[in-house]
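**Q** Have a look at this one before I ask anything.
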Amino acid sequence: GGAPLLGVNGNVIICHGSSSAKAIKNAIKVAKDVVNKKVNERIKQRLELKVKR
Numbered sequence: 018g019g020a021p022l023l024g025v026n027g028n029v030i031i032c033h034g035s036s037s038a039k040a041i042k043n044a045i046k047v048a049k050d051v052v053n054k055k056v057n058e059r060i061k062q063r064l065e066l067k068v069k070r
């Protein structure tokens, strides 16, 4: 599959170069979930709350 790459201003899913077609398909599903669940926005909001404290 793939894993989210955190710390960038956007959505990035990384996979190994020798990933199978099934692994790439699963990485695309992960990317869809990351976007739909607004992972980057939620992380950013929580970090901003921590900085304000």
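Those letters in the sequence shown? Residues 18 to 70, by our numbering.
Even glycine gets a Cβ: it sits at the ideal position worked out from N, Cα and C.
Note that this is a predicted model, so its numbers are computed, not measured.
1. Measure the CB-CB distance between A44 and G18 and report whether it falls below 9 Å.
2. Given K51, which residues of its chain have a CB within under 8 Å of its CB, disregarding the five upstream and five downstream residues?
3. Is it true that the CB of A38 sits closer than 9 Å to the CB of C32?
4. Where do the N-terminal and C-terminal ends of the alpha helix (DSSP H) with V29 fall, by residue?
5. Does chain B have any CB closer than 9 Å to the CB of L64?
**A** Short version:
1. By 1-based counting over the sequence shown, the position of residue 44 is 27. By 1-based counting over the sequence shown, the position of residue 18 is 1. Yes, the Cβ-Cβ distance between A44 and G18 is below 9 Å.
2. Sequence index remark: in the sequence shown, residue 51 carries index 34 (1-based). Note that residue 51 is Val in the sequence shown here, rather than Lys. Cβ neighbours of V51 beyond the five flanking positions: P21, N28, I30, N57.
3. By one-based count along the sequence shown, residue 32 stands at place 15. By one-based count along the sequence shown, residue 38 stands at place 21. Contact: no.
4. As a working mapping, residue 29 is identified with position 12 in the sequence shown. First-last for V29: undefined, no H or E at that position.
5. In summary, chain B is missing from the structure at hand, where a single protein chain is found.
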